[in-house]
Amino acid sequence: MMAFDAAQFGPITLDHLPPFAQRLRKAADLVWEEGYKQPFLRELGNGTLVREKFAFYLLQDYRYLKDYAKVHALALTKTQDPEIMQFMANVQNAIFNVESSMHREYMASFGVSAEEMNNVRQSAFARAYTSNILSIAYGGSLVDVLVAVLPCAWVYADYGQRLAAEFADSLEGNPYKSWVDMYKTEEFWSSSAWLLAHIEELVEGLNEERKQELVDIFVVGVEHEYMFWASAYDMQYTWKPEWDVR
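Below you can see the structure in the form of structure tokens.
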């Protein structure tokens with residue numbers, strides 16, 4: 284097998300993916316496409332999503348990012364490669380110094396208070412997602428962690444670009460335009476492209492059983508992305524609404 288040559292392959296885009304990335308995307312295709320069609324994103328694209336549902340999502344996302352930062356911190360301990368270590372540190376810096384302040388300002392515009400942010404209760408669905416990636420980060424190798432965090436970056440970039448194209452004629456008056464604008468950019472996609480390139484290098488030489496383990500990690504991650512939005516749309520904290528006594 285020839286080693287993956289990033290320079291020869293050229294820029295990695297949504298339409299120009301290296302071989303293992305194509306395998307990951309194909310394996311997750313069913314839930315990936317159903318995810319794009321679910322009510323939360325349809326109504327977000329149309330600008331009709333109820334503000335309370337979007338606020339629920341924002342609070343869960345704010346809570347999610349804390350665990351996401353921990354996963355990247357653990358990934359940093361699994362390598363001596365300074366480029367990879369820098370990437371992991373940059374993600375953490377973005378979460379705590381950029382996204383945190385952005386979230387506070389953005390959420391305030393949707394009526395979410397600082398007290399709500401500081402005391403956000405994680406939904407069962409979000410906890411399933413973060414518990415899974417944290418478990419992988421503690422017990423897995425570097426490539427396991429990169430594949431575990433890939434769905435968040437890749438799904439958002441793909442959906443952001445598709446929403447921007449599909450609703451281009453009506454986005455100007457959409458209250459969620461800034462959300463779409465953030466995830467449709469090449470700058471945001473660059474994180475996915477970086478992950479895909481490094482995963483492609485790390486899977487070289489792995490046997491088929493090991494590669495399938497990585498595919499399974501990725502598909503579960505995409506399923507968790509679906510559940511994250513679906514539970515936000517239903518404003519659902521636990522598996523059955525009647526269990527939620529708080």
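Just so you know, we're using my numbering here: the sequence shown kicks off at 284 and counts up by one. We treat Cβ as the ideally placed atom computed from N, Cα and C, and that holds for glycine.
- Contact between Glu508 and Cys435 holds, with the beta-carbon distance rounding to 7 Å and staying under 8 Å.
- Taken in chain order, the whole alpha helix (DSSP H) runs of length 4 or more contained in the stretch 367 to 420 are 383 to 392, 397 to 401.
- Nearest Cα to Phe408 within the set Val486, Glu491, Thr521, Ala358: Thr521.
- Within the same chain, Cβ atoms closer than 8 Å to the Cβ of Pro458 are found at Gly330, Arg334, the five residues on either side in sequence being excluded.
- Going by beta carbons, Lys336 and Tyr516 fall inside the 8 Å limit.
- Between Val428 and Leu497, the C-beta spacing is not below 8 Å.
- Listed in chain order, the non-local C-beta contacts of Met368 below 8 Å within the same chain comprise Leu359, Thr362, local neighbours out to five positions each way being set aside.
- A straight line joining the alpha-carbon of Asn401 with that of Tyr412 spans about 20 Å.
- By the Cβ neighbour-count rule, Val432 is buried, with 16 or more other Cβ atoms within 10 Å of its own.
- Going by beta carbons, Leu307 and Phe511 fall outside the 8 Å limit.
- Around Asp364, the same chain offers no residue with a beta carbon nearer than 8 Å, after the five sequence neighbours per side are excluded.
- As a beta-bridge residue in DSSP terms, His299 pairs with Thr296.
- With a beta-carbon spacing of about 5 Å, Ala338 and Val395 fall inside the 8 Å limit used to define contacts.
- Following the DSSP letters along the chain, one finds Glu487 in no alpha helix (DSSP H), marked with neither H nor E.
- For the pair of segments examined, the stretch 344 to 353 was found not to touch the stretch 468 to 487: the number of CB pairs separated by less than 8 Å stays below three.
- Assigned with DSSP and collapsed to three states, Arg308 falls in helix.
- Here DSSP, grouped into helix, strand and coil, assigns Arg445 to helix.
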